[in-house]
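Structure first, commentary second.
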Amino acid sequence: MTTTPAKDTALTTAALALGDDALVLSHRLGEWAGHAPVLEEEVALANIALDLLGQARVLLSMVGDEDELAYLREERAFRNLQLVEQPNGDFAHTIARQLYFSTYQHLLHTELAAGDGPFAPLAAKAVKEVAYHRDHAEQWTLRLGDGTDESHTRMQRAVDALWRHTGEMFQPVEGLDADWTGLETAWLERITEVLRRATLTVPEGPRTGAWTAGAGRQGLHTEPFGRMLAEMQHLHRSHPGATW
Amino acid sequence: MVTTTPLEAELLELAGSVPDPELPVLTLRELGVVRAVHARGADSVEVELTPTYTGCPAVEAMSLDIERVLREHGVREVTVRTVLAPAWSTDDITDEGRRKLREFGIAPPRVRSASGPVRVELGPTRTHAPGTHGTPGEEELDPVRCPHCGSAETELLSRFSSTACKALRRCLACREPFDHFKEL
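Same order as they appear, the protein sequences are chains P and D. FYI, in UniProt numbering the residues of the first sequence are 1 to 244. FYI, in UniProt numbering the residues of the second sequence are 1 to 184.
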């Protein structure tokens, strides 16, 4: 069954874009539970996931029933960036994904919080939470990049691998009043500075383009996303209405 | 201007007296999360509650506790509404709340004066390096003091502790680990 939002308005488009980003990344981070390298990181990643889940609940509830939207939509109805659905990979990949996304999310929510649109109240809360997510990602990028040969190699591999998913973040989203060009410039500056201090090389490949990734906002997703959704939705679909 | 009736003030006091489900040493009033109580008729009220963190799982328990307390006080219909704006800040925790946190063994959040742009220190590459505090905008704040011995010499063990609102630290003087309620 596919649940289509009742009104295909700009508000719905924007709420699903922001809400699906938060929901999907939250689920990916939750997959670390029981697998993180140290207990402190287990707790940190779960806490970041919880912040994102809270944001997703508010956003999805603005335009429909949160459970229906999370558990009963098909893959093509999700509007999240392809970046957030990428598998966790090794710890460096997870940190690179966190670095790219939290830097973007912090900049975007700062701008939304300053406006008077429907997302301003949530953005004002989220920006304070995300400041900690970004700090966490930046500190780890520095430790791994400027760490051992092994950690440096892995961190470089991770920032390179995810680079092609970063252009999509700055495609304008209907219903979000933001200076997308300004956001992209600020994002590139910040990322360049962090990578430089971490003794890492800023990737050179294209960040978007005809052959590269970047159509999550149109509902086109990468292959691993279907399997992630199957796991996320399986229980709810198998036992509709179950509670505990 | 919105006026508060004596009944609303009384019910606000009652709702605010509910203990926090995760930090029961604090009341919801001391935590600064009960925003208002509006009477909606003879025995129906609406309570405005704001979450500390957007994903705080304690909100449901808080709502149920508020409903129970007000019902026991004779209010027939209680609606608890979650409000996000203005965003909750650790500056909303009262002085009494801070004192209780410290007594409970949790370093209270420091008061932030201006809400300027958040600066992040990119220097240290080890979490136990001196000067790493795990709080964005850290350098404008006083050091986190150990709630046990009062020493200002403490180090960060993890930016996230048992809940999202706390960081795990250790005192370098008395060697005790402790939670720090992070500034938000």
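Cβ atoms here follow ideal geometry from the backbone N, Cα and C, with glycine treated the same way. For clarity, every value in this text was computed on a predicted model and none was experimentally measured.
At the 8 Å Cβ level, is residue i part of the contact set with chain D, yes or no?
| i | result |
| --- | --- |
| Gly54 of chain P | yes |
| Pro121 of chain P | yes |
| Gln233 of chain P | no |
| Ala161 of chain P | no |
| His27 of chain P | no |
| Tyr104 of chain P | no |
| His136 of chain P | yes |
| Tyr132 of chain P | yes |
| Asp20 of chain P | no |
| Glu74 of chain P | no |
| Val58 of chain P | yes |
| Phe225 of chain P | no |
Identify every residue that forms a DSSP beta bridge with residue i.
| i | result |
| --- | --- |
| His229 of chain P | The sequence shown places Leu at residue 229 of chain P, rather than the His named in the question. In the DSSP output, where bridge partners are listed per residue, Leu229 of chain P has none listed. |
| Ser102 of chain P | According to DSSP, Ser102 of chain P bridges with nothing at all. |
| Glu155 of chain D | D:Arg170 |
| Val45 of chain D | D:Ala39 and D:Val78 |
| Arg27 of chain D | Residue 27 of chain D is actually Thr in this sequence, not Arg. Note: Thr27 of chain D sits in a beta bridge opposite D:Pro19. |
| His180 of chain D | D:Ala107 and D:Ala167 |
| Leu34 of chain D | For the sequence presented, residue 34 of chain D should be read as Val rather than Leu. D:Leu49. |
Please identify the residue among the options whose C-alpha is closest to the C-alpha of residue i.
| i | options | result |
| --- | --- | --- |
| Pro118 of chain P | P:Ser26, P:Leu176 and P:Leu229 | P:Leu176 |
| Trp163 of chain P | P:Gly64, P:Val84 and P:Leu220 | P:Val84 |
| Gln103 of chain P | P:His136, P:Asp116, P:Tyr71 and P:Asp90 | Checking the sequence, you will find Thr at residue 103 of chain P rather than Gln. It is P:His136. |
| Arg196 of chain P | P:Arg143, P:Phe170 and P:Met232 | P:Arg143 |
| Ala9 of chain D | D:Pro108, D:His73, D:His38 and D:Thr27 | D:His38 |
| Ala107 of chain D | D:Glu22, D:Leu23, D:Asp20 and D:His180 | D:His180 |
| Met62 of chain D | D:Ala42, D:Val144, D:Asp95 and D:Leu31 | D:Leu31 |
| Arg57 of chain P | P:Ala46, P:Ile48, P:Leu69 and P:Asn47 | P:Leu69 |
| Asp146 of chain P | P:Thr199, P:Glu184 and P:Leu122 | P:Thr199 |
| Glu77 of chain D | D:Arg99, D:Leu157, D:Pro143 and D:Gly41 | D:Gly41 |
| Ala173 of chain D | D:Lys166, D:Arg159 and D:Glu155 | D:Glu155 |
| Pro121 of chain P | P:Asp160, P:Glu150 and P:Leu59 | P:Leu59 |
| Pro206 of chain P | P:Ser151, P:Asp160 and P:Pro240 | P:Asp160 |
Got a sec: is the Cβ-Cβ distance from residue i to anything in chain P below 8 Å?
| i | result |
| --- | --- |
| Ala58 of chain D | no |
| His133 of chain D | Because His133 of chain D sits at a pLDDT of 48, beneath the cut-off of 50, its placement in the model cannot be relied upon, and the following sentence gives the value as read from the coordinates. Cβ-Cβ to chain P under 8 Å: no for His133 of chain D. |
| Ala42 of chain D | no |
| Gly32 of chain D | no |
| Gly150 of chain D | no |
| Asp63 of chain D | The question names Asp, but residue 63 of chain D is Ser in the sequence shown. False, the Cβ-Cβ gap to chain P never drops below 8 Å. |
| Ala39 of chain D | no |
| residue 194 of chain D | One cannot answer for residue 194 of chain D here, as it falls past the ends of chain D, which runs 1 to 184. |
| Leu12 of chain D | no |
| Leu7 of chain D | no |
> Quick one: complete beta strand (DSSP E) runs, 3+ long, within the stretch 58-112 of chain D?
Replying inline: As far as the stretch 58-112 of chain D is concerned, its whole beta strand (DSSP E) runs of at least 3 residues are 77-82.
> Taking a cut of 9 Å between CB atoms, which residues from the stretch 41-52 of chain P lie near chain D?
Replying inline: Glu41, Val43, Ala44, Leu45, Ala46, Asn47, Ile48, Ala49, Leu50, Asp51 and Leu52
> Given a limit of 8 Å on CB to CB distance, which residues of the stretch 149-176 of chain D reach chain P?
Replying inline: Leu157, Ser158, Arg159, Phe160, Ser161, Ser162, Thr163, Ala164 and Leu168
> Using a Cβ cut-off of 8 Å, which residues of the stretch 77-95 of chain P contact any Cβ in chain D, in chain order?
Replying inline: none
> Going along the stretch 85-117 of chain D in order, which residues come within less than 9 Å of chain P, judged by CB to CB distance?
Replying inline: Against chain P - using a Cβ distance shorter than 9 Å - the residues of the stretch 85-117 of chain D are Ala85, Pro86, Ala87, Trp88, Ser89 and Pro117.
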